[in-house]
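Count along the sequence shown from 1, then add 8; that gives the number in our numbering.
Worksheet for the structure shown next.
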Amino acid sequence: MSKQLPGVWKKICKFFRKRNVLIATAFVLFLLLAAVLDRFVFHIVLKAPEEPSSSSVSSSSSSSSSSSSSESRELTEAEMLPGSGNLENSPYVDDSVFDGIAEYNAVNSDVKAWLTVDGTNINYPVVQFTDNSTYMSLGYDGNYSYNGVILADYEDRLGNASQLSHNTVIYGHNWTNYSADPKIGDPSDEMFAQLTAFQHLDFAQENLFIHFTTQEQSMTFKIFAAFYTEDTFPYYYPNLNTDEMMEMVASARERSEHDYDVLVDENDKLISLSTCTRRFGSTDRQRFVVMGRLLRQEEKATPYEVTANPDPVRPNL
């Protein structure tokens, strides 16, 4: 047995010597494969992510907080509308106005909106009917009224800012403040009687905004003209085309008692408040009109310059 052992060992060694190249090659391939598995399987696929240190968490949190605070919030759908009258842009957002419209509408379904004018007692529901004559001597309850109501033109398109006519036209009586020198702030004035106070420069400089609320939205308008005109001047058409509207705006500025530092272009929505006057005699063909332009998206209701117009165009009566 002991004599046979060296012979067996020699055979084994001879076997491995013949195959040493193959074995060495296989061993190298094995090592390479192990390295690949170690790197891509264990370290990438199976290895759990490291817990961040407290300092990195603090830094990340601080960075995120700083980033979010520096970025402005997204606007809501309502705030995306032109002249949205949101709290940041307009001082006139009052849910009680919507309640007021609803209360009047429950009694008279012709009540569609609410109008408030800075510096005046004009703070009324707005009626709209199928014509402009029926409510000339009717009140909000549908009964006879000497003072009538605040009336939106029957062709006005009401709704939210995007749905409004190019020119929302609104009428109101003036039985008490139609002289050449209108009073300011007489508590006996009703409807649009205090509108003529905008003839006075100091009053116009202090009172710059008109607030119009429909059942859908509260909106603010910047006044850009206050003028006397004959009743043939076409300020009372709600749905003018672009060229007609811009021609009307240019003429309104020429007639205005004051020069308002307010830009108006073909994309703007306007409001025109119209009432009677007798400044230029007894004829009933003369009107006093205050016009405003809808507050633009993200534009703030802040003061702007109003100066005297040295040579306003007077009514052709």
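Cβ coordinates follow ideal geometry from the N, Cα and C atoms, glycine included.
Burial state of residue i, where buried means 16 or more other Cβ atoms lie within 10 Å
| i | result |
| --- | --- |
| residue 49 | Residue placement at residue 49 is flagged as unreliable, the pLDDT there being 39, under the threshold of 50; the coordinate-derived value follows with that caveat. Exposed, by the Cβ-count rule. |
| residue 196 | exposed |
| residue 91 | Any reading at residue 91 needs caution, since the residue's pLDDT is 48, under 50, leaving its predicted position unreliable; the model's value is listed next. Buried is the call here. |
| residue 202 | buried |
| residue 123 | buried |
| residue 114 | exposed |
| residue 138 | exposed |
| residue 118 | buried |
| residue 193 | exposed |
| residue 182 | buried |
| residue 103 | exposed |
| residue 173 | buried |
Residue i beta carbon near the ligand HEM (any heavy atom closer than 8 Å)
| i | result |
| --- | --- |
| residue 181 | Among the components modelled here there is no ligand, and therefore nothing to report on the ligand HEM. |
CB contact flag (residue i, residue j, <9 Å)
| i | j | result |
| --- | --- | --- |
| residue 135 | residue 151 | no |
| residue 130 | residue 200 | yes |
| residue 299 | residue 281 | yes |
| residue 168 | residue 240 | no |
| residue 231 | residue 257 | no |
| residue 209 | residue 315 | yes |
Rounded C-alpha distance that separates residue i from residue j
| i | j | result |
| --- | --- | --- |
| residue 317 | residue 296 | 16 Å |
| residue 176 | residue 261 | 18 Å |
| residue 147 | residue 155 | 7 Å |
| residue 140 | residue 218 | 22 Å |
| residue 111 | residue 121 | 11 Å |
| residue 229 | residue 132 | 16 Å |
| residue 293 | residue 320 | 18 Å |
| residue 191 | residue 243 | 25 Å |
| residue 143 | residue 198 | 16 Å |
| residue 306 | residue 216 | 18 Å |
| residue 310 | residue 153 | 38 Å |
| residue 161 | residue 265 | 25 Å |
| residue 145 | residue 180 | 11 Å |
| residue 108 | residue 158 | 15 Å |
| residue 275 | residue 178 | 20 Å |
| residue 171 | residue 125 | 22 Å |
| residue 163 | residue 263 | 25 Å |
| residue 149 | residue 308 | 37 Å |
Proximity winner among the options, relative to residue i (alpha-carbon distances)
| i | options | result |
| --- | --- | --- |
| residue 277 | 302, 226, 160 and 290 | 302 |
| residue 313 | 191, 211, 125 and 255 | 211 |
| residue 204 | 103, 127 and 118 | 127 |
| residue 106 | 166, 207 and 226 | 226 |
| residue 165 | 272, 245, 149 and 270 | 245 |
| residue 272 | 266, 264, 304 and 263 | 304 |
| residue 237 | 171, 207 and 308 | 207 |
| residue 283 | 268, 267, 308 and 234 | 234 |
| residue 322 | 259, 180, 170 and 268 | 259 |
| residue 268 | 308, 275, 213 and 171 | 213 |
Could you say if the region 212 to 230 and the region 247 to 258 meet the contact criterion of at least three C-beta pairs nearer than 8 Å? Because the criterion of three Cβ pairs below 8 Å is not met, the region 212 to 230 and the region 247 to 258 do not touch.
For the structure I just gave you, are there three or more beta carbon pairs, one from the region 282 to 300 and one from the region 170 to 190, closer than 8 Å? Cβ pair count under 8 Å is three or more, so yes.
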